[in-house]
Each structure stands twice: as C-alpha cells, then as structure tokens.
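Colleague: Residue numbers (this note's numbering), protein chains in the order written: chain A, 1068 to 1302; chain B, 232 to 466.
The beta-carbon is built from N, C-alpha and C at its ideal position, and this holds for glycine as well.
Have a look at this one.
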C-alpha cells in the first residue's frame, strides 16, 4: 500500500508558474508539480542539480480548497547597490488561496519526506521566494491510502468567510496525475527533470480533473453539538 | 439534583418577551419551584442557561436541587398542544454526578460572565468590569480550572492554528453584551452584563470540586443565566 503526505498551501500570496519566461511571470490556478516537488527537494536539502527521478515518480495531486483571486504586480525594481533599474516585469500572484497538495508513494520514502518537511534544510515557499506559507503547513502522513481517498477525508481548509459565501456549492476541484494509459483532460509541462539553474528542464504531465465533496465541516457560526442529557438517559 | 431541558418556541410572543430579558426569565425559572432553595449562597442553587443552537432550536437547561414544574413556561413559551413531545424533560442528575471519576474526559459547555475587578487610578474603589477580548475571556476560565476540579485538554502541537493562544481544546463564542431593565420597588435600574459561551473538552482532576461547580455554578451573574456548566460524552 502507498502512503500520502498532505501539505496545506496557503498564504497571502502564492505564484505557481509553469510556462513563464522573461519579464512576464504568470501563475497557474493551482500549485504545479514542479513547485511542490521543488519545495520537498529543498526541504531535504538537495542541491539544484541533484537527481530528481525519485521525486518525479511520485503521484501528485492538488485540491482547490479556496481558489483565491489573481492579482497583477507591475514591478519596477532597482538594484539595491548600484541603483540601476532591473528589467520591468509583470508578475501574477494568487491572493488568499488555499490548496491541499498531496504526494503518494512508497511508505518509507513518504515518511522521509515528512521528516524533511518538519525540519526543512531550505525554507519552503509557495512558488516564489517572496511568498511564505502560513500555518498549519504540514498536514501529516496518511498511511495505507491513496491520493483520492486522502482528499475525500481531509476536512475543508477554506477560511470561514469563504465557506459562508459558498454555502450552496460545496464540491472542491481536484487535479491529479493521470493514471497510465488514461487519456488526460489537460496537460502541463511541469514534471521536473532538473532544477539546474543553468538549464531547467521539465516534462509534460497529463492531468485528470475531478471533484470531491469536502468532509462535512460545520458551517461558520454553528455551535458545536452539545447535549448534556445523553449521559443521563437510562438505556 | 435534577437537570431539566425545556425547548423554547421562539415564534411565540411571550417567548420573545422572556428571551429579551434575563431578568424576566430569572423570574420565570424561579416560579417553577414551589419551595425555592435557601438564598444564602452556601448550598446548591438553581442554575439555568439558554442554548441558542439554531434559529428555531433554543433550549433552556435548569440544574436544581428539587424537581421543577414548568407548566407555566410551556403555556407561555412552549408547545402546550403538541402530543408527541412532553413539555419538558427532567433527569436525575445525582447518579451521573456520583459516577464522575478522576481522569475521565468529557465535552463541556459553559455560559459565563467573565469579569475582573479593576481601578483606573490609584485610590479609586475597584469596579467589576467585563473581559472583552477573546484572549482575556479564555484566560478567565483557564485560571479557574484547578479550583473547580477539571483541566481543559490541550491540542497536539500540529493542530494549533497560532503559536500562542491556541493551546487548549476550547472555543469562546457567542459574546453577548446584554442590557436589560430591572424593575425595583421605587426606581428602574439597568443591568448590563457580558455573556460568553465556552465549548471544549476537559479532564476531571477532582470529582468533588467539579460536582460543586456543576451544581453551584462558576462565576458571577448566576441569576441571569450564567455559570451553568454541563458535560456530555465526547462523541
């Protein structure tokens, strides 16, 4: 059986680029496999040019708990020492988004990744160095399960105001690595082959989209159930 | 001791009249006892609490040394003609209290009036003042754990949402600043108290002390629906 490591990716800003080049740095709507695997590799303390084949072989999935909004930043940075202007760039971010990302694989390897996440060698960030994650970041290992099951059982991590707003529509989108031989719904060039800064290389990844009903968390404002008479009723 | 549950029909005029004023509800609760207990503040006393679980689910709980007769409340604010539900349910509380053991864990609910006495400048007489912020209200209860024979369970480090102030399995909710008139013989007084409701889980450390807390209340404003703590099995 495989284990699943779940991470909660939430912060004021995050950015997950997959095809961004040059001065226009876009973001996908959900965390990319390269972004999350890069975070795990950094937590383990791997160098930029280290071998990534074991990480890339993990099955990756992400659940969109709170989609957030896309914001655009027009950046006119100047060099701190020389004062020279850097190239004008346009950067896109996701503001106020919450995702649950999971990797599925062999139990001992997942456990090793979890240990690394708890005491990361290089600090984790959400796709861009300036985007730190907020707590709780590490949701822990789910033993003897697979990604879809873990997403089904994980409670909804959206903030209260978002849950109150989406009272009626309560399914969450899930993006999963396509199984072997299954025709993918979309594809993205974000399976990392090498993070070498001189020549980063990525492979195409087939993605299957689906949705889950979030584990029925109580709506905001609902008091927790409490019936003191249950202990007094004689059976 | 007896624990009584009465469901309020909030659609009735008299019910709204009672819900609007803890002073009037205090009178109505006292009117349920032909022989009220001594008011010297030493023995067990009549405690009551309103649980607003949902818009149409308002429950009145009463803990008392003798069996109440709530016929007048059913006529005014209940469902007198409903045949499938009794007007109110009274349970024997003594057996449950006697069976409390050290180390057992329960979920609890307490509506209380968290206050402290302060003076703003030197030499001024102290004045009873309500705790306003969540942090102070939480600390008010945490400071009273030991004296009242229980300890609130702590959260494992991984499930805390903040580094500080989220160590316990407890929420403070439903903060209500209340103001209502109290008719005295010759003049009209305004009473203002602050009510909050605590929900959480506790472990019994001293069953005798906790029995005293459950039957004679915790904190101030006990006549106005504060101080009644109830336990329910952790579900």
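Check whether the stretch 426–442 of chain B and the stretch 381–396 of chain B are in contact - that is, three or more C-beta pairs closer than 8 Å.
Modeller: The stretch 426–442 of chain B is in contact with the stretch 381–396 of chain B.
Colleague: Give me the chain A residues within the contact set of residue 333(B), using Cβ-Cβ distance strictly less than 9 Å, ordered along the chain.
Modeller: In the second chain, counting from the first residue as 1, residue 333(B) sits at position 102. The premise fails here: residue 333(B) is roughly 17 Å from chain A at the closest Cβ pair, so nothing lies under 9 Å.
Colleague: Does the distance from the C-beta atom of residue 1171(A) to that of residue 1126(A) stay below 8 Å?
Modeller: As a working note, residue 1171(A) is residue 104 in the first chain. As a working note, residue 1126(A) is residue 59 in the first chain. In contact: residue 1171(A) and residue 1126(A) (Cβ atoms closer than 8 Å).
Colleague: Going along chain A, which residues have a C-beta under 8 Å from residue 461(B)?
Modeller: Here residue 461(B) is taken as the residue at index 230 of the second chain, counted from 1. Within chain A, the residues near residue 461(B) are 1293, 1295.
Colleague: Any beta carbon from chain A within less than 8 Å of residue 301(B)'s own beta carbon?
Modeller: For the purposes of this step, residue 301(B) is taken as the residue at position 70 of the second chain. No, residue 301(B) does not count as interfacial toward chain A.
Colleague: Under 8 Å between C-beta atoms, does residue 1290(A) make it to chain B?
Modeller: For the purposes of this step, residue 1290(A) is taken as residue 223 along the first chain, with counting starting at 1. Cβ-Cβ to chain B under 8 Å: yes for residue 1290(A).
Colleague: Give, in chain order, every unbroken run of the alpha helix (DSSP H) that is at least 4 residues long and sits entirely within the stretch 338–402 of chain B.
Modeller: Counting only runs of 4 or more, we get 365–373.
Colleague: Which same chain residues end up closer than 7 Å to residue 1201(A) when comparing Cβ atoms and leaving out the 5 residues on each side of it in sequence?
Modeller: Sequence index remark: in the first chain, residue 1201(A) carries index 134 (1-based). Within the same chain, residue 1201(A) has close Cβ partners 1077, 1078.
Colleague: Are there three or more Cβ pairs, one per stretch, closer than 8 Å when the stretch 1102–1112 of chain A is compared with the stretch 1146–1165 of chain A?
Modeller: As far as the Cβ criterion goes, the stretch 1102–1112 of chain A does not touch the stretch 1146–1165 of chain A, which means the pair count is below three.
Colleague: DSSP on residue 1302(A), reduced to helix/strand/coil?
Modeller: Numbered from 1 along the first chain, position 235 holds the residue referred to as residue 1302(A). Unreliable placement is indicated for residue 1302(A), whose pLDDT of 48 sits below 50; no coordinate value is reported for it.
Colleague: Which same chain residues, not among the five before or five after residue 308(B), have their C-beta less than 7 Å away from its C-beta?
Modeller: Numbered from its first residue, the second chain carries residue 308(B) at position 77. Contacts found: 239, 240, 243, 245, 246, 249.
Colleague: Any beta carbon from chain A within less than 8 Å of residue 284(B)'s own beta carbon?
Modeller: For the purposes of this step, residue 284(B) is identified with residue 53 of the second chain, where counting begins at 1. By this cut-off, residue 284(B) is an interface position.
Colleague: Near residue 1141(A), which residues of its chain fall below 7 Å by C-beta distance, leaving aside the five closest residues on each side in sequence?
Modeller: Here residue 1141(A) is taken as the residue at index 74 of the first chain, counted from 1. Cβ neighbours of residue 1141(A) beyond the five flanking positions: 1157.
Colleague: State the Cα-Cα distance for the pair residue 1187(A) and residue 1099(A), rounded to the nearest angstrom.
Modeller: Here the question's residue 1187(A) lines up with position 120 in the first chain. Here the question's residue 1099(A) lines up with position 32 in the first chain. If you take the alpha carbons of residue 1187(A) and residue 1099(A), they lie about 20 Å apart.
Colleague: Determine, using beta carbons only, whether residue 1072(A) comes closer than 8 Å to chain B.
Modeller: In the first chain, counting from the first residue as 1, residue 1072(A) sits at position 5. Closer than 8 Å: no.
Colleague: Comparing alpha-carbon positions, which option in 234(B), 293(B), 422(B) lies nearest residue 325(B)?
Modeller: On the second chain, position 94 is the one that residue 325(B) refers to. Of the candidates 234(B), 293(B), 422(B), the one whose C-alpha sits nearest the C-alpha of residue 325(B) is 234(B).
Colleague: Give the straight-line distance between the Cα atoms of residue 1302(A) and residue 365(B), rounded to the nearest whole angstrom.
Modeller: Residue mapping note: residue 1302(A) aligns to position 235 of the first chain, counting from 1. Residue mapping note: residue 365(B) aligns to position 134 of the second chain, counting from 1. Here the model assigns residue 1302(A) a pLDDT of 48, short of 50, so the residue's position is not dependable, and the following value carries that caveat. Spanning the two alpha carbons is a distance of roughly 39 Å.
Colleague: Near residue 1152(A), what residues of its chain come up, given a Cβ to Cβ distance below 6 Å and the 5 sequence neighbours on each side ignored?
Modeller: By one-based count along the first chain, residue 1152(A) stands at place 85. Cβ neighbours of residue 1152(A) beyond the five flanking positions: 1145.
Colleague: In whole angstroms, give me the CA-to-CA distance for residue 1273(A) and residue 392(B).
Modeller: As a position in the first chain, residue 1273(A) is number 206, starting the count at 1. As a position in the second chain, residue 392(B) is number 161, starting the count at 1. Each residue's alpha carbon lies about 35 Å from the other.
Colleague: Between which two residues does the alpha helix (DSSP H) holding residue 1227(A) run?
Modeller: Residue 1227(A) sits at position 160 when you count from the first residue of the first chain. Residue 1227(A) -> alpha helix (DSSP H) spans 1227–1232.
Colleague: Is the distance from the Cβ of residue 1269(A) to the Cβ of residue 1260(A) below 8 Å?
Modeller: Position 202 of the first chain, counting from 1, holds the residue named residue 1269(A). Position 193 of the first chain, counting from 1, holds the residue named residue 1260(A). Closer than 8 Å, so yes.
Colleague: Under the three-state reduction of DSSP, which class applies to residue 261(B): helix, strand or coil?
Modeller: Reading the second chain from its first residue, position 30 is the one you call residue 261(B). Correct three-state label for residue 261(B): helix.
Colleague: Within 10 angstroms of its Cβ, does residue 1247(A) collect 16 or more other Cβ (buried), or is it exposed?
Modeller: Here the question's residue 1247(A) lines up with position 180 in the first chain. Classification of residue 1247(A): exposed, given that the 10 Å Cβ count is below 16.
Colleague: Comparing the C-beta of residue 1178(A) with each C-beta of chain B, is any distance below 8 Å?
Modeller: As a position in the first chain, residue 1178(A) is number 111, starting the count at 1. Closer than 8 Å: no.
Colleague: Mind checking residue 419(B): buried by the 16 CB within 10 Å criterion, or exposed?
Modeller: Reading the second chain from its first residue, position 188 is the one you call residue 419(B). Under this definition residue 419(B) is an exposed residue.
Colleague: On the criterion of 16 or more Cβ atoms from any shown chain inside 10 Å, does residue 1337(A) qualify as buried, or is it exposed?
Modeller: Chain A is shown only over 1068 to 1302; residue 1337(A) falls outside these bounds and no answer can be derived.
Colleague: Can you find the residues in the same chain that come closer than 7 Å, C-beta to C-beta, to residue 1242(A), ignoring five residues on each side of it along the sequence?
Modeller: Along the first chain, read from residue 1 onward, the residue named residue 1242(A) stands at position 175. Cβ within range, chain order: 1097, 1128, 1129, 1274, 1276.
Colleague: By Cβ distance below 6 Å, which residues in the same chain neighbour residue 1244(A) in space, the five residues on each side in sequence not counted?
Modeller: In the first chain, the residue the question calls residue 1244(A) occupies position 177. Excluding positions up to five away in sequence, the list reads 1126, 1127.
Colleague: Any beta-carbon of chain B closer than 8 Å to the one on residue 1202(A)?
Modeller: As a working note, residue 1202(A) is residue 135 in the first chain. Yes, because at least one Cβ of chain B sits closer than 8 Å to the Cβ of residue 1202(A).
Colleague: Compute the Euclidean distance between the alpha carbons of residue 298(B) and residue 264(B), then round it to the nearest angstrom.
Modeller: In the second chain, the residue the question calls residue 298(B) occupies position 67. In the second chain, the residue the question calls residue 264(B) occupies position 33. The straight-line gap from Cα to Cα measures roughly 7 Å.
Colleague: Mind checking residue 345(B): buried by the 16 CB within 10 Å criterion, or exposed?
Modeller: For the purposes of this step, residue 345(B) is taken as residue 114 along the second chain, with counting starting at 1. Looking at its Cβ environment, which holds 16 or more other Cβ atoms inside 10 Å, residue 345(B) is buried.
Colleague: Taking all protein chains shown into account, do 16 or more other C-beta atoms lie within 10 angstroms of the C-beta of residue 1175(A), making it buried, or fewer, making it exposed?
Modeller: Sequence index remark: in the first chain, residue 1175(A) carries index 108 (1-based). Counting Cβ neighbours within 10 Å, residue 1175(A) comes out exposed, since fewer than 16 surround it.
Colleague: Closer than 7 Å by beta-carbon distance: list the chain A residues that pair up with residue 338(B), in chain order.
Modeller: Here residue 338(B) refers to the residue found at position 107 of the second chain. Those are 1293, listed as they occur along chain A.
Colleague: Residue range of the alpha helix (DSSP H) that residue 1105(A) falls in?
Modeller: As a first step, residue 1105(A) must be located in the first chain, where it is residue number 38. Unbroken alpha helix (DSSP H) run through residue 1105(A): 1100–1111.
Colleague: Give the secondary structure of residue 460(B) by DSSP, where H, G and I count as helix, E and B as strand, and everything else as coil.
Modeller: If you number the second chain from 1, residue 460(B) lands on position 229. Residue 460(B): strand per DSSP, three-state reduction.
Colleague: Please work out which residues of its chain come closer than 8 Å, Cβ to Cβ, to residue 1104(A), disregarding the five sequence neighbours upstream and downstream, and give them in chain order.
Modeller: Stepping through the first chain from its first residue, residue 1104(A) is reached at position 37. Same-chain partners within the cutoff: 1119, 1122, 1123, 1125, 1127, 1170, 1259.
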